[in-house]
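Asks:
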């Protein structure tokens with residue numbers, strides 16, 4: 003299965019009625035430089051295997067399935083995957099989805115983020131992207147925010163090329179989870195990216211976490227430089243990732259390397275910009291904080307910001323659709339941070355090792371999976387997740403007990 007885009011021809015694969023193109027380069031970048039367009043390639047490029055992930059330190063709570071033989075490559079990590087139904091029809095609406103991981107970890111190429119089933123069930127085109135992480139993505143040098151610039155470059159690539167995959171460039175929703183949701187919120191305030199999409203889907207957005215100030219960013223830069231004992235601009239990425247392993251297992255709020263206000267791509271906070279042109283779907287899980295070792299119940303990092311954004315959109319005449327994901331998973335996790343992800347992607351077998359889903363079966367989770375996918379794809383398609391869902395101040399609950 004082949005598709006020709008601006009940079010050349012891609013050969014993808016087909017799985018369960020969905021054409022999948024993996025490891026598609028959307029940009030290239032030198033360390034601590036803005037991303038640049040990809041040079042055209044000759045012949046046909048293989049897009050059947052997962053691409054490299056951004057260098058990082060791996061590990062964390064056993065809620066998200068473990069890495070399967072990770073491959074990290076600083077020079078090749080700016081890639082994305084496209085999932086499109088093969089059934090006749092189109093152009094189809096597009097969901098560009100940004101993974102989370104505290105701006106330190108994660109990859110769109112993880113099997114747990116495979117969007118084949120979401121694209122098939124929702125009859126939408128799904129794009130999942132990689133971006134630079136940790137110090138390599140957010141160290142405050144040369145204006146910083148390189149991970150954010152990567153996301154803008156990916157969005158621009160989607161806008162320019164998605165029609166070749168049967169997607170509608172005029173119907174792009176940008177969404178993400180956790181750090182990916184915070185990134186999405188920040189993209190709404192960027193004058194270069196904002197005109198390219200008009201719907202946002204925010205899962206567990208930590209809106210209680212503000213971008214770093216210049217002073218905070220300077221301290222993180224100083225910490226890394228001292229810990230490395232050498233110039234971050236020339237140190238091997240493996241050494242930088244090794245130093246960042248000292249941060250794993252430590253629930254740092256804020257994380258040490260996050261977008262910096264006033265840096266590249268982020269001149270203003272979203273609260274300082276009129277966001278009424280956007281249609282918003284936003285939600286949290288019922289027990290976000292158990293992921294970080296905290297108590298059950300609403301988290302101040304997630305819940306107040308969710309409601310404040312919904313209220314702001316409502317007052318601006320742009321209704322927001324708000325939800326709470328109440329799946330009562332296994333103790334001590336319950337409806338923890340990330341527990342909604344298997345229900346979004348529908349790739350149940352991959353998530354069977356998740357500690358939060360212990361005691362449940364894929365069959366038990368399937369009805370809620372179908373409900374959640376139907377709501378998300380409906381929002382991506384029309385801006386309305388369903389006729390039985392009223393805008394804020396109503397809050398839709400996705401509930402079931404394991």
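Numbering (my numbering), first residue to last: 3 to 404.
The beta carbon of each residue, even a glycine, is placed where N, CA and C say it ideally should be.
Quantities reported herein were computed from a predicted structural model and do not represent experimental measurements.
Taking only runs of the beta strand (DSSP E) that begin and end inside the segment 259 to 333, which ones reach a length of at least 3 residues, in chain order?
Replies: You should have 281 to 287, 322 to 327.
Asks: How would you call residue 83, buried or exposed, if buried means at least 16 neighbouring beta carbons within 10 angstroms?
Replies: In the chain shown, residue 83 corresponds to position 81, counting from 1. Residue 83 is buried by the Cβ-count criterion.
Asks: From the DSSP secondary-structure annotation, give me the bridge partner or partners of residue 400.
Replies: As a position in the chain shown, residue 400 is number 398, starting the count at 1. DSSP, once it has assigned bridges, lists 327 as partnering residue 400.
Asks: Take every Cβ of the segment 95 to 105, pair it with every Cβ of the segment 116 to 128, and state whether three or more of those distances are shorter than 8 Å.
Replies: In short, these stretches touch, since the Cβ pair count reaches three.
Asks: In the DSSP assignment, find the beta strand (DSSP E) that holds residue 120 and state where it starts and stops.
Replies: The sequence position of residue 120 within the chain shown is 118, counting from 1. Per DSSP, residue 120 belongs to no beta strand (DSSP E); it is in the alpha helix (DSSP H), 118 to 124.
Asks: Would residue 302 be called buried (16 or more neighbouring beta carbons within 10 Å of its own) or exposed?
Replies: For the purposes of this step, residue 302 is taken as residue 300 along the chain shown, with counting starting at 1. Exposed, because fewer than 16 other Cβ atoms sit within 10 Å of the Cβ of residue 302.
Asks: Between the Cα of residue 470 and the Cα atoms of 336, 224, 127, which residue gives the shortest distance?
Replies: Outside the shown range of the chain, which is 3 to 404, sits residue 470, and nothing can be said about it.
Asks: Starting from the Cα of residue 375, find the closest Cα among 222, 267, 203 and give me that residue.
Replies: Here residue 375 is taken as the residue at index 373 of the chain shown, counted from 1. If we check each option's Cα against that of residue 375, 203 comes out closest.
Asks: In chain order, what residues of the same chain have a beta carbon less than 7 Å from the beta carbon of residue 392, not counting five sequence neighbours either side?
Replies: To locate residue 392, count along the chain shown from 1; it is residue 390. Cβ within range, chain order: n/a, list empty.
Asks: Quick check: what's the CA-CA separation for residue 241 versus residue 338?
Replies: Residue 241 sits at position 239 when you count from the first residue of the chain shown. Residue 338 sits at position 336 when you count from the first residue of the chain shown. Cα-Cα distance, rounded: 32 Å.
Asks: For residue 253, I'd like the list of residues in its chain whose CB is within less than 7 Å of its CB, leaving aside the five on either flank, ordered along the chain.
Replies: The residue given as residue 253 occupies position 251 in the chain shown. Unreliable placement is indicated for residue 253, whose pLDDT of 46 sits below 50; no coordinate value is reported for it.
Asks: Going by C-alpha distance, which of 234, 60, 143, 93 is nearest residue 169?
Replies: Within the chain shown, numbered from 1, the residue matching residue 169 stands at position 167. Closest by alpha carbon: 93.
Asks: Taking residue 227 as the reference, which of 258, 213, 372 has the closest Cα?
Replies: Position 225 of the chain shown, counted from the first residue, corresponds to residue 227. Comparing Cα positions, the closest option is 258.
Asks: Suppose you measure from the CA of residue 210 to the CA of residue 145; what does that come to, to the nearest Å?
Replies: Sequence index remark: in the chain shown, residue 210 carries index 208 (1-based). Sequence index remark: in the chain shown, residue 145 carries index 143 (1-based). So the alpha carbons of these two residues sit roughly 24 Å apart.
Asks: Since residue 183 contacts residue 107 with CB under 8 Å, what's their CB separation in whole angstroms?
Replies: Within the chain shown, the letter at position 181 stands for residue 183. Within the chain shown, the letter at position 105 stands for residue 107. About 15 Å; that fails the 8 Å criterion.
Asks: First and last residue of the alpha helix (DSSP H) that includes residue 345?
Replies: As a first step, residue 345 is located in the chain shown; it is residue number 343 there, counting from the start. Counting along the chain, the alpha helix (DSSP H) containing residue 345 begins and ends at 343 to 347.
Asks: Which residue or residues does DSSP assign as beta-bridge partners of residue 179?
Replies: Counted from its first residue, the chain shown places residue 179 at position 177. 205, per the DSSP bridge assignment.
Asks: Considering only C-alpha positions, which residue in the set 304, 155, 282 is nearest to residue 290?
Replies: To locate residue 290, count along the chain shown from 1; it is residue 288. Ranking the options by Cα distance to residue 290, first place goes to 304.
Asks: Buried or exposed: where does residue 319 fall if 16 or more other Cβ atoms within 10 Å of its Cβ makes it buried?
Replies: Residue 319 sits at position 317 when you count from the first residue of the chain shown. Residue 319 should be labelled exposed.
Asks: Identify whether residue 21 lies in helix, strand or coil by the three-state DSSP scheme.
Replies: As a position in the chain shown, residue 21 is number 19, starting the count at 1. Reduced to three states, the DSSP call for residue 21 is strand.
Asks: Less than 6 Å between C-beta atoms, sequence neighbours within five positions excluded: which residues of the same chain meet that for residue 399?
Replies: Here residue 399 corresponds to residue number 397 of the chain shown, with the count starting at 1. Closer than 6 Å at Cβ, skipping near neighbours: 326, 328.
Asks: Within a Cβ cutoff of 7 Å, which residues of the same chain sit near residue 9, ignoring the five residues on either side of it in sequence?
Replies: For the purposes of this step, residue 9 is identified with residue 7 of the chain shown, where counting begins at 1. Answer for residue 9: 40, 42, 43, listed in chain order.
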